[in-house]
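Participant:
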Amino acid sequence: MKRLIVNADDFGFARDVNEGIIQAHRHGIVTATTLMAVGSEFHHAVILAKDHAATLDVGIHLTLIGTRALSRLGKALPESPQALVWAVTFRTLNIARELDLQVTRVLETGLQPTHLDTHKHSHLLPQVAEVVGELSERYRIPWVRRPLPKPILGAMSLARLRRVLAFLLPGQALLPSKQCSIFHRPRLKLRAARSATLESSRLFHRTRR
Numbered sequence: 024m025k026r027l028i029v030n031a032d033d034f035g036f037a038r039d040v041n042e043g044i045i046q047a048h049r050h051g052i053v054t055a056t057t058l059m060a061v062g063s064e065f066h067h068a069v070i071l072a073k074d075h076a077a078t079l080d081v082g083i084h085l086t087l088i089g090t091r092a093l094s095r096l097g098k099a100l101p102e103s104p105q106a107l108v109w110a111v112t113f114r115t116l117n118i119a120r121e122l123d124l125q126v127t128r129v130l131e132t133g134l135q136p137t138h139l140d141t142h143k144h145s146h147l148l149p150q151v152a153e154v155v156g157e158l159s160e161r162y163r164i165p166w167v168r169r170p171l172p173k174p175i176l177g178a179m180s181l182a183r184l185r186r187v188l189a190f191l192l193p194g195q196a197l198l199p200s201k202q203c204s205i206f207h208r209p210r211l212k213l214r215a216a217r218s219a220t221l222e223s224s225r226l227f228h229r230t231r232r
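My numbering applies: residue 24 is where the sequence shown begins, and numbers increase by one.
#1: By DSSP, does ARG169 sit in helix, in strand, or in coil?
#2: Would you identify the three-state DSSP class for ARG91, choosing helix, strand or coil?
#3: If you reduce the DSSP assignment to three classes, tell me which class HIS146 lands in.
#4: Thinking C-beta only, is ASP80 closer than 9 Å to ALA106?
#5: Going by beta carbon distance, what residues of the same chain come within less than 6 Å of LEU116, once the five residues before and after it are set aside?
#6: Who are ALA31's beta bridge partners in DSSP?
#7: Who are the near neighbours of ARG40 in its chain, counting only those whose CB is closer than 6 Å to its CB and skipping five residues on each side?
#8: Alpha carbon to alpha carbon, what distance is there between GLY156 and THR127?
#9: When the distance is taken between beta carbons, is HIS84 closer than 9 Å to GLY35?
#10: Note down the Cα distance separating ILE164 from THR137, rounded to an integer number of angstroms.
#11: Who are the Cβ neighbours of HIS48 in its own chain at under 6 Å, not counting the five residues just before and after it?
#12: Over the uninterrupted beta strand (DSSP E) stretch that includes THR141, give me the two end residues.
#13: How many angstroms separate the CA atom of ASN30 from the CA atom of SER145?
#14: Is it buried or exposed, ARG208, if we count other Cβ atoms within 10 angstroms and call 16 or more buried?
#15: Take the Cβ of ARG168 as the centre, count every other Cβ of all protein chains shown within 10 Å, and call the residue buried at 16 or more, exposed below.
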């Protein structure tokens with residue numbers, strides 16, 4: 024039997040966003056939401072999540088763009104997807120530490136997250152996808168949202184990568200080489216990502232049995 028999951032991102036971003044998600048759950052079609060550990064109304068969202076725990080699935084909206092960092096007090100995360108690509112490429116952001124802190128903050132509230140996704144689909148980047156997969160297995164969070172069948176930079180030709188980087192990093196004199204970390208194709212620990220039987224239409228894949 025197929026089940027339709029309607030997920031609302033950005034839970035915890037702002038109070039009106041939180042209330043809108045709950046209204047859409049109670050009176051509309053929203054069945055799940057993902058909580059931003061770095062959102063300005065995180066605690067308000069946690070209260071609402073617990074109030075609706077019987078009917079609302081709550082996951083974690085892992086965030087690497089456009090807000091404050093938990094791993095670097097007083098500092099912000101990259102302000103755009105382009106800036107995140109730059110930070111990932113030149114390793115100026117410790118992705119693993121930042122996302123681990125975000126997951127830990129949610130778990131400390133007593134919530135049991137059912138799934139993971141990322142703000143602005145940042146786990147399209149293989150380096151981010153690998154960390155998300157590791158967190159899913161470490162903390163036994165069984166589902167990860169899959170916006171595309173594969174990470175967008177997982178299997179590209181050199182020419183195509185140059186075009187992608189030219190679009191993402193306009194005005195930068197960046198000529199990719201094999202030493203550039205963005206070319207590294209990690210061996211993802213997402214079991215489902217290695218499976219040849221996954222249907223590309225599936226929005227969530229399971230990372231453990």
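Note that the Cβ used here is the ideal one computed from N, Cα and C, for glycine as well.
Facilitator: The structure says:
#1: Coil.
#2: ARG91 falls in the strand class under three-state DSSP.
#3: HIS146 falls in the helix class under three-state DSSP.
#4: No. Outside cutoff.
#5: Around LEU116, the same chain offers ALA110 as residues with beta carbons nearer than 6 Å, after the five sequence neighbours per side are excluded.
#6: The secondary-structure analysis by DSSP pairs ALA31 across a beta bridge with THR56.
#7: This sequence places Val at residue 40; Arg is not what is there. The residues are ASP33.
#8: One C-alpha to the other measures close to 15 Å.
#9: It is a contact, given that the beta carbons lie within the stated cut-off.
#10: Distance from the CA atom of ILE164 to the CA atom of THR137, rounded to whole angstroms, is 6 Å.
#11: LEU79, listed in sequence order.
#12: Residues 138–141.
#13: Taking C-alpha positions only, ASN30 is separated from SER145 by approximately 17 Å.
#14: Any reading at ARG208 needs caution, since the residue's pLDDT is 34, under 50, leaving its predicted position unreliable; the model's value is listed next. Within a 10 Å sphere around the beta-carbon of ARG208 sit fewer than 16 other beta-carbons, which makes this residue exposed.
#15: Flag for ARG168 reads buried.
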